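Engineer:
Residue numbers (the numbering used here): 6 to 145.
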């Protein structure tokens, strides 16, 4: 299934990035990856269906919506935790004690927390700013 179709079907606000993400993710879509998305958004369903062998993780404060009201958080291969990405202690607790020190191949973020998230990545960090995406390596 084409990424654009999935982004439209699930009404993701990331539709404006479909050409960029399709170009970078297409070859890896069948690999078993670990993907972190900062912020709950319907694109979690998109990643779950596009990356058919990957594990999808999400952190969010859930200040605006209760996780129990988001049915797709219970789907296979989607893992989530309540966490303020700006709170280093919370972030480290989730990564170490809840998720057992994961290493993400892909991190998708619109909160500009590259420095605090990169140590959990072994691949690429995609920062969404306005209508642009900036890609950084997580390697040190």
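Glycine is no exception: its CB is placed at the ideal position from the N, C-alpha and C atoms.
This one's a predicted model, so the numbers in the text were calculated from it and none came from an experiment.
Compare the Cα-Cα distances from residue 131 to each of 141, 124, 123 and report the closest residue.
Structural biologist: For this step, residue 131 is matched to residue 126 along the chain shown. Here the closest residue by C-alpha is 141.
Engineer: Assuming residue 11 contacts residue 111 (C-beta within less than 8 Å), just tell me the rounded distance between them.
Structural biologist: Along the chain shown, one-based indexing puts residue 11 at 6. Along the chain shown, one-based indexing puts residue 111 at 106. 16 Å between Cβ atoms; not a contact.
Engineer: Do you know offhand how far residue 19's Cα is from residue 62's?
Structural biologist: What you label residue 19 is simply residue 14 of the chain shown in a count that begins at 1. What you label residue 62 is simply residue 57 of the chain shown in a count that begins at 1. Each residue's Cα considered, the two are about 17 Å apart.
Engineer: I'd like to know whether the C-beta atoms of residue 2 and residue 17 end up nearer to each other than 8 Å.
Structural biologist: Missing from the structure shown is residue 2; the chain here goes from 6 to 145 and no further.
Engineer: If we call anything under 8 Å between Cβ atoms a contact, is residue 41 one with residue 109?
Structural biologist: Residue numbering aside, residue 41 sits at position 36 when the chain shown is read from its first letter. Residue numbering aside, residue 109 sits at position 104 when the chain shown is read from its first letter. In this structure, residue 109 lies closer than 8 Å to residue 41 by Cβ.
Engineer: Roughly how many whole angstroms lie between the Cα atoms of residue 123 and residue 43?
Structural biologist: Numbered from its first residue, the chain shown carries residue 123 at position 118. Numbered from its first residue, the chain shown carries residue 43 at position 38. Cα to Cα, the separation comes out at about 12 Å.
Engineer: In chain order, what residues of the same chain have a beta carbon less than 8 Å from the beta carbon of residue 127, not counting five sequence neighbours either side?
Structural biologist: By one-based count along the chain shown, residue 127 stands at place 122. The answer, listed in chain order, is 108, 109, 110, 143, 144.
Engineer: Please look up how many angstroms separate the CB atoms of residue 15 and residue 34, rounded, as I've assumed it's under 8 Å.
Structural biologist: The residue you call residue 15 lines up with position 10 of the chain shown. The residue you call residue 34 lines up with position 29 of the chain shown. Wrong, their Cβ atoms sit about 16 Å apart, outside the cutoff.
Engineer: Per DSSP, what kind of secondary structure is residue 104 in: helix, strand or coil?
Structural biologist: As a working note, residue 104 is residue 99 in the chain shown. Reduced to three states, the DSSP call for residue 104 is coil.
Engineer: Between residue 31 and residue 22, what straight-line distance do the alpha-carbon atoms span, to the nearest angstrom?
Structural biologist: Walking along the chain shown from the start, residue 31 turns up at place 26. Walking along the chain shown from the start, residue 22 turns up at place 17. Straight-line Cα distance between these residues: approximately 14 Å.
Engineer: Does DSSP classify residue 139 as helix, strand or coil?
Structural biologist: Here residue 139 is taken as the residue at index 134 of the chain shown, counted from 1. Note: residue 139 maps to strand in three-state DSSP.
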